[in-house]
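Worksheet for the structure shown next.
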Amino acid sequence: MKNKAGIAILVLLAALLGGCGGTGSTQGQADGTPQKDAQETPGPQTGSSTEELADGTYLAKFQTDSSMFHVSEACEGKGTLTVENGEMTIHISLASKNIVNLYPGRAEDARKEGAKLLEPTEDTVTYSDGMTDEVYGFDVPVPALGTEFDLALIGKKGKWYDHKATVSDPVPVEDGAQGARGDAKGKHADALQDGTYCVDLTFEGGSGKAEILSPATLTVADGKMTATLQWNSPNYDYMVVDGEKYLPIRTEGGSVFELPVSGLDEPMDVIGDTVAMSRPHEVEYTLTFQSGTIQEK
9 MKNKAGIAIL VLLAALLGGC GGTGSTQGQA DGTPQKDAQE TPGPQTGSST EELADGTYLA
69 KFQTDSSMFH VSEACEGKGT LTVENGEMTI HISLASKNIV NLYPGRAEDA RKEGAKLLEP
129 TEDTVTYSDG MTDEVYGFDV PVPALGTEFD LALIGKKGKW YDHKATVSDP VPVEDGAQGA
189 RGDAKGKHAD ALQDGTYCVD LTFEGGSGKA EILSPATLTV ADGKMTATLQ WNSPNYDYMV
249 VDGEKYLPIR TEGGSVFELP VSGLDEPMDV IGDTVAMSRP HEVEYTLTFQ SGTIQEK
(Lines of atoms letter the chains of each structure in order from A and count residues from 1; the text may use other names and numbers.)
(Lines give C-alpha, C1' and ligand atoms only; values in the text may rest on other atoms or scores of the structure.)
Protein backbone atom coordinates (compact mmCIF):
# COMPACT_ATOMS: atom_id res chain seq x y z
CA MET A 1 0.00 0.00 0.00
CA LYS A 2 2.80 2.43 0.88
CA ASN A 3 4.48 1.74 -2.46
CA LYS A 4 1.25 2.39 -4.34
CA ALA A 5 0.62 5.62 -2.43
CA GLY A 6 4.18 6.79 -3.16
CA ILE A 7 3.75 6.14 -6.89
CA ALA A 8 0.46 8.09 -6.92
CA ILE A 9 2.11 11.09 -5.25
CA LEU A 10 4.98 11.07 -7.80
CA VAL A 11 2.52 10.98 -10.71
CA LEU A 12 0.54 13.89 -9.24
CA LEU A 13 3.70 15.97 -8.77
CA ALA A 14 4.81 15.34 -12.37
CA ALA A 15 1.42 16.49 -13.68
CA LEU A 16 1.54 19.69 -11.64
CA LEU A 17 5.08 20.52 -12.79
CA GLY A 18 4.20 19.88 -16.45
CA GLY A 19 1.23 22.26 -16.23
CA CYS A 20 3.34 25.28 -15.20
CA GLY A 21 4.41 26.05 -18.82
CA GLY A 22 0.88 26.33 -20.12
CA THR A 23 0.11 29.86 -18.94
CA GLY A 24 2.19 31.73 -21.60
CA SER A 25 2.33 31.78 -25.39
CA THR A 26 3.43 28.57 -27.09
CA GLN A 27 4.91 30.38 -30.10
CA GLY A 28 8.60 29.54 -30.46
CA GLN A 29 8.54 26.68 -27.95
CA ALA A 30 8.34 23.95 -30.56
CA ASP A 31 11.43 25.12 -32.47
CA GLY A 32 13.31 26.46 -29.48
CA THR A 33 13.17 30.11 -30.62
CA PRO A 34 13.57 32.38 -27.59
CA GLN A 35 10.68 34.69 -26.84
CA LYS A 36 11.29 38.46 -26.87
CA ASP A 37 9.34 41.18 -25.21
CA ALA A 38 7.14 43.03 -27.71
CA GLN A 39 8.95 46.29 -26.95
CA GLU A 40 12.29 44.80 -27.98
CA THR A 41 11.10 44.02 -31.52
CA PRO A 42 10.80 47.11 -33.74
CA GLY A 43 7.91 47.32 -36.18
CA PRO A 44 8.37 47.26 -39.96
CA GLN A 45 10.06 50.34 -41.37
CA THR A 46 8.44 52.14 -44.30
CA GLY A 47 10.16 54.42 -46.76
CA SER A 48 13.87 54.99 -47.27
CA SER A 49 16.13 57.79 -46.17
CA THR A 50 18.98 59.43 -48.04
CA GLU A 51 21.37 57.21 -46.06
CA GLU A 52 20.65 54.56 -48.70
CA LEU A 53 21.50 56.91 -51.60
CA ALA A 54 24.82 58.49 -52.35
CA ASP A 55 24.91 62.12 -53.41
CA GLY A 56 24.08 62.29 -57.08
CA THR A 57 21.31 62.44 -59.67
CA TYR A 58 18.67 59.77 -60.20
CA LEU A 59 15.51 59.12 -62.15
CA ALA A 60 12.63 58.26 -59.81
CA LYS A 61 8.92 57.51 -60.07
CA PHE A 62 6.61 60.33 -59.03
CA GLN A 63 3.02 59.34 -58.20
CA THR A 64 0.08 61.16 -56.65
CA ASP A 65 -3.37 60.26 -55.35
CA SER A 66 -5.10 61.92 -58.33
CA SER A 67 -5.17 61.25 -62.07
CA MET A 68 -5.47 65.01 -62.52
CA PHE A 69 -2.07 65.72 -60.97
CA HIS A 70 0.79 63.99 -62.75
CA VAL A 71 3.99 64.55 -64.69
CA SER A 72 3.97 65.00 -68.46
CA GLU A 73 3.41 61.81 -70.43
CA ALA A 74 6.71 62.55 -72.14
CA CYS A 75 8.44 61.77 -68.83
CA GLU A 76 6.86 58.32 -68.29
CA GLY A 77 5.83 59.12 -64.74
CA LYS A 78 9.34 60.05 -63.65
CA GLY A 79 11.26 63.04 -62.36
CA THR A 80 14.89 63.92 -61.74
CA LEU A 81 15.87 63.23 -58.12
CA THR A 82 18.88 65.07 -56.72
CA VAL A 83 20.55 63.98 -53.47
CA GLU A 84 22.95 66.44 -51.88
CA ASN A 85 24.22 66.60 -48.31
CA GLY A 86 21.46 64.32 -47.07
CA GLU A 87 18.64 66.29 -48.73
CA MET A 88 16.46 65.01 -51.58
CA THR A 89 14.70 67.14 -54.19
CA ILE A 90 12.83 65.90 -57.25
CA HIS A 91 12.24 68.03 -60.33
CA ILE A 92 8.96 67.20 -62.04
CA SER A 93 7.63 68.48 -65.37
CA LEU A 94 3.84 68.58 -65.28
CA ALA A 95 1.33 68.09 -68.08
CA SER A 96 0.56 71.77 -68.65
CA LYS A 97 0.81 75.26 -67.13
CA ASN A 98 -2.51 75.03 -65.30
CA ILE A 99 -0.97 74.32 -61.88
CA VAL A 100 0.74 77.55 -60.84
CA ASN A 101 2.12 76.72 -57.37
CA LEU A 102 2.80 73.74 -55.15
CA TYR A 103 3.22 73.64 -51.38
CA PRO A 104 5.01 70.86 -49.44
CA GLY A 105 2.27 70.44 -46.87
CA ARG A 106 -1.46 70.89 -46.38
CA ALA A 107 -3.66 73.35 -48.27
CA GLU A 108 -4.74 75.04 -45.04
CA ASP A 109 -1.10 75.92 -44.31
CA ALA A 110 -0.45 77.05 -47.88
CA ARG A 111 -3.14 79.70 -47.46
CA LYS A 112 -1.43 81.24 -44.43
CA GLU A 113 0.49 84.47 -44.74
CA GLY A 114 4.19 83.86 -45.19
CA ALA A 115 3.80 80.30 -46.50
CA LYS A 116 6.78 79.40 -48.70
CA LEU A 117 5.26 78.27 -51.99
CA LEU A 118 7.10 76.32 -54.69
CA GLU A 119 7.43 78.49 -57.77
CA PRO A 120 7.21 77.01 -61.29
CA THR A 121 9.94 76.70 -63.86
CA GLU A 122 9.23 76.74 -67.60
CA ASP A 123 10.14 73.30 -68.96
CA THR A 124 10.24 71.96 -72.50
CA VAL A 125 9.27 68.29 -72.78
CA THR A 126 10.05 66.27 -75.90
CA TYR A 127 7.91 63.43 -77.21
CA SER A 128 9.12 60.45 -79.19
CA ASP A 129 7.81 61.92 -82.44
CA GLY A 130 10.01 64.98 -81.93
CA MET A 131 7.15 67.26 -80.91
CA THR A 132 7.78 69.53 -77.93
CA ASP A 133 5.56 71.21 -75.37
CA GLU A 134 6.05 74.03 -72.88
CA VAL A 135 4.91 73.09 -69.38
CA TYR A 136 5.48 74.11 -65.78
CA GLY A 137 7.96 72.23 -63.64
CA PHE A 138 8.65 72.26 -59.91
CA ASP A 139 11.49 71.36 -57.54
CA VAL A 140 9.79 69.37 -54.78
CA PRO A 141 11.55 68.48 -51.49
CA VAL A 142 11.29 64.75 -50.75
CA PRO A 143 11.22 63.76 -47.05
CA ALA A 144 11.60 60.00 -47.73
CA LEU A 145 11.40 57.47 -50.53
CA GLY A 146 8.42 55.15 -50.85
CA THR A 147 6.37 57.09 -48.30
CA GLU A 148 3.38 59.36 -49.00
CA PHE A 149 3.81 63.04 -48.17
CA ASP A 150 1.51 66.06 -48.38
CA LEU A 151 1.78 68.19 -51.51
CA ALA A 152 -0.92 70.81 -52.04
CA LEU A 153 -1.54 72.56 -55.37
CA ILE A 154 -3.28 75.66 -56.66
CA GLY A 155 -4.52 76.27 -60.21
CA LYS A 156 -5.26 79.40 -62.17
CA LYS A 157 -8.62 79.82 -60.41
CA GLY A 158 -6.89 80.37 -57.08
CA LYS A 159 -8.21 77.37 -55.11
CA TRP A 160 -5.91 75.13 -53.08
CA TYR A 161 -6.31 71.33 -53.18
CA ASP A 162 -4.79 68.72 -50.84
CA HIS A 163 -2.91 65.84 -52.44
CA LYS A 164 -0.52 63.04 -51.50
CA ALA A 165 2.65 62.29 -53.46
CA THR A 166 5.15 59.42 -53.42
CA VAL A 167 8.67 59.22 -54.84
CA SER A 168 10.17 55.76 -55.33
CA ASP A 169 12.46 53.47 -57.34
CA PRO A 170 15.44 55.78 -57.90
CA VAL A 171 17.85 54.76 -60.68
CA PRO A 172 21.19 56.51 -61.23
CA VAL A 173 20.98 58.73 -64.29
CA GLU A 174 23.87 56.97 -66.00
CA ASP A 175 21.84 53.74 -65.89
CA GLY A 176 18.55 55.13 -67.15
CA ALA A 177 18.83 58.67 -68.44
CA GLN A 178 16.76 57.82 -71.51
CA GLY A 179 13.71 57.49 -69.32
CA ALA A 180 13.70 61.22 -68.57
CA ARG A 181 11.83 61.91 -71.78
CA GLY A 182 9.21 59.27 -72.41
CA ASP A 183 7.26 58.41 -75.50
CA ALA A 184 3.99 60.17 -76.14
CA LYS A 185 1.93 58.22 -78.63
CA GLY A 186 -0.81 60.76 -79.06
CA LYS A 187 -1.19 63.05 -82.05
CA HIS A 188 -1.04 66.78 -81.41
CA ALA A 189 -2.65 69.85 -82.88
CA ASP A 190 0.36 70.49 -85.11
CA ALA A 191 -0.83 67.57 -87.24
CA LEU A 192 -4.11 69.39 -87.98
CA GLN A 193 -4.71 72.64 -89.80
CA ASP A 194 -6.61 75.37 -88.00
CA GLY A 195 -10.31 74.68 -88.35
CA THR A 196 -13.34 72.92 -86.89
CA TYR A 197 -13.73 69.15 -86.88
CA CYS A 198 -16.01 66.35 -85.68
CA VAL A 199 -14.31 63.61 -83.68
CA ASP A 200 -15.55 60.46 -81.95
CA LEU A 201 -14.57 59.93 -78.33
CA THR A 202 -14.61 57.07 -75.87
CA PHE A 203 -15.94 57.77 -72.38
CA GLU A 204 -15.10 55.86 -69.19
CA GLY A 205 -15.98 56.32 -65.53
CA GLY A 206 -18.95 57.12 -63.35
CA SER A 207 -22.05 55.02 -62.81
CA GLY A 208 -22.95 54.76 -66.49
CA LYS A 209 -26.09 56.89 -66.20
CA ALA A 210 -24.48 60.15 -67.34
CA GLU A 211 -22.09 60.44 -70.26
CA ILE A 212 -20.56 62.87 -72.73
CA LEU A 213 -22.10 62.58 -76.16
CA SER A 214 -20.10 61.46 -79.18
CA PRO A 215 -19.08 62.79 -81.65
CA ALA A 216 -17.76 66.06 -80.24
CA THR A 217 -16.68 69.27 -81.91
CA LEU A 218 -12.91 69.85 -82.00
CA THR A 219 -11.54 73.31 -82.76
CA VAL A 220 -7.89 73.84 -83.71
CA ALA A 221 -6.45 77.35 -83.51
CA ASP A 222 -2.84 78.49 -83.24
CA GLY A 223 -1.62 74.97 -82.53
CA LYS A 224 -4.09 74.34 -79.69
CA MET A 225 -7.09 72.00 -79.61
CA THR A 226 -10.36 72.71 -77.79
CA ALA A 227 -13.25 70.26 -77.54
CA THR A 228 -16.88 71.30 -77.14
CA LEU A 229 -18.40 68.55 -75.02
CA GLN A 230 -22.08 68.00 -74.21
CA TRP A 231 -23.37 65.82 -71.39
CA ASN A 232 -26.66 63.97 -71.63
CA SER A 233 -27.53 65.65 -68.32
CA PRO A 234 -27.87 69.33 -67.31
CA ASN A 235 -26.58 68.57 -63.80
CA TYR A 236 -22.86 69.18 -64.27
CA ASP A 237 -21.89 72.58 -62.86
CA TYR A 238 -18.12 72.44 -63.49
CA MET A 239 -15.31 70.27 -64.83
CA VAL A 240 -11.61 70.10 -63.97
CA VAL A 241 -8.70 69.40 -66.35
CA ASP A 242 -5.09 69.40 -65.07
CA GLY A 243 -6.17 71.25 -61.93
CA GLU A 244 -7.99 73.97 -63.90
CA LYS A 245 -11.72 74.47 -63.27
CA TYR A 246 -14.09 75.11 -66.23
CA LEU A 247 -17.71 76.28 -66.05
CA PRO A 248 -20.40 75.27 -68.57
CA ILE A 249 -21.08 77.60 -71.48
CA ARG A 250 -24.72 76.49 -71.35
CA THR A 251 -26.92 73.86 -69.66
CA GLU A 252 -30.02 73.70 -71.87
CA GLY A 253 -30.45 70.14 -73.14
CA GLY A 254 -27.33 69.06 -71.25
CA SER A 255 -24.31 70.78 -69.72
CA VAL A 256 -21.87 71.95 -72.41
CA PHE A 257 -18.18 72.66 -71.75
CA GLU A 258 -15.22 73.83 -73.77
CA LEU A 259 -12.09 71.99 -72.60
CA PRO A 260 -8.47 71.98 -73.81
CA VAL A 261 -7.29 68.76 -75.46
CA SER A 262 -3.60 67.89 -75.09
CA GLY A 263 -3.57 65.08 -77.65
CA LEU A 264 -5.52 62.55 -79.67
CA ASP A 265 -5.57 58.77 -79.18
CA GLU A 266 -4.35 59.17 -75.60
CA PRO A 267 -6.42 59.01 -72.39
CA MET A 268 -7.41 62.39 -70.97
CA ASP A 269 -8.42 62.45 -67.30
CA VAL A 270 -11.12 64.91 -66.26
CA ILE A 271 -13.37 65.55 -63.27
CA GLY A 272 -17.06 66.36 -63.54
CA ASP A 273 -19.00 67.80 -60.61
CA THR A 274 -22.61 66.65 -60.59
CA VAL A 275 -25.43 68.21 -58.58
CA ALA A 276 -27.89 65.42 -59.39
CA MET A 277 -27.33 63.80 -55.98
CA SER A 278 -28.30 65.10 -52.55
CA ARG A 279 -25.09 67.11 -52.51
CA PRO A 280 -22.50 68.03 -55.20
CA HIS A 281 -20.16 65.17 -56.00
CA GLU A 282 -16.93 65.14 -58.05
CA VAL A 283 -16.52 62.12 -60.32
CA GLU A 284 -13.41 61.13 -62.29
CA TYR A 285 -13.75 60.27 -65.98
CA THR A 286 -11.41 59.37 -68.84
CA LEU A 287 -11.89 60.64 -72.40
CA THR A 288 -10.04 59.51 -75.53
CA PHE A 289 -10.44 61.38 -78.81
CA GLN A 290 -10.07 59.05 -81.82
CA SER A 291 -7.91 60.61 -84.55
CA GLY A 292 -9.09 58.08 -87.14
CA THR A 293 -12.65 59.48 -86.96
CA ILE A 294 -11.83 63.17 -87.52
CA GLN A 295 -13.86 64.88 -90.23
CA GLU A 296 -13.68 68.54 -91.13
CA LYS A 297 -16.89 70.46 -90.59
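Positions 9 to 305 (this note's numbering) are the ones given, in order, by the sequence shown. C-beta: ideal position from N, C-alpha, C; glycine also. Every value quoted in this text rests on a predicted model; they were computed, and no experiment measured them.
Nearest-angstrom Cβ-Cβ length linking residue i and residue j, presumed shorter than 8 Å
| i | j | result |
| --- | --- | --- |
| A160 | G113 | 6 Å |
| W239 | S215 | Not confirmed; about 13 Å, so no contact. |
| L221 | Q298 | Contact doesn't hold; Cβ gap of about 14 Å is too wide. |
| T294 | P275 | 5 Å |
| T88 | L67 | 7 Å |
| K86 | S176 | Not a contact, Cβ separation roughly 10 Å. |
| E266 | I279 | The pair is not a contact, with the Cβ atoms about 16 Å apart (cut-off 8 Å). |
| V148 | L126 | 7 Å |
| L226 | V269 | 7 Å |
Beta-carbon gap between residue i and residue j smaller than 8 Å
| i | j | result |
| --- | --- | --- |
| D73 | A115 | no |
| K306 | K253 | One cannot answer for residue 306 here, as it falls past the ends of the chain, which runs 9 to 305. |
| K167 | D158 | no |
| T296 | D273 | yes |
| Y205 | E142 | no |
| T236 | A224 | yes |
| T65 | V181 | yes |
| V79 | G163 | no |
Terminal residues of the beta strand (DSSP E) in which residue i lies
| i | result |
| --- | --- |
| P178 | 172-180 |
| T301 | Careful: T301 lies outside any beta strand (DSSP E) and carries neither H nor E. |
| Q201 | Per DSSP, Q201 belongs to no beta strand (DSSP E) and is neither H nor E. |
| E260 | Careful: E260 lies outside any beta strand (DSSP E) and carries neither H nor E. |
| L89 | 86-92 |
| P223 | Note, P223: premise wrong, no beta strand (DSSP E); not H, not E. |
| A68 | 64-72 |
| P268 | 264-269 |
| E60 | Neither: E60 is in no beta strand (DSSP E) and is coded neither H nor E. |
| K232 | 232-238 |
| V249 | 244-249 |
Cβ-heavy atom distance, residue i to the ligand NAP, below 7 Å
| i | result |
| --- | --- |
| N106 | Looking for the ligand NAP in the displayed structure turns up nothing, as the structure carries no ligands at all. |
Subject >> Stretch-stretch touch, CB-based, cutoff 8 Å, three pairs: the region 131-144 with the region 100-107 >> reply: Under the three-pair Cβ rule at 8 Å, the region 131-144 counts as touching the region 100-107.
Original post:
Just checking, does the region 152-167 make contact with the region 282-294 on the three C-beta pairs under 8 Å criterion?
Top reply: Because the criterion of three Cβ pairs below 8 Å is not met, the region 152-167 and the region 282-294 do not touch.
Original post:
With contact counted as at least three CB pairs below 8 Å, one residue from each stretch, are the region 244-254 and the region 222-235 in contact?
Top reply: Between the region 244-254 and the region 222-235, the count of C-beta pairs closer than 8 Å stays below three; the two stretches do not touch.
Original post:
Taking only runs of the alpha helix (DSSP H) that begin and end inside the region 101-152, which ones reach a length of at least 4 residues, in chain order?
Top reply: Every alpha helix (DSSP H) of 4 residues or more that sits fully in the region 101-152 is shown, in chain order, as 115-118.
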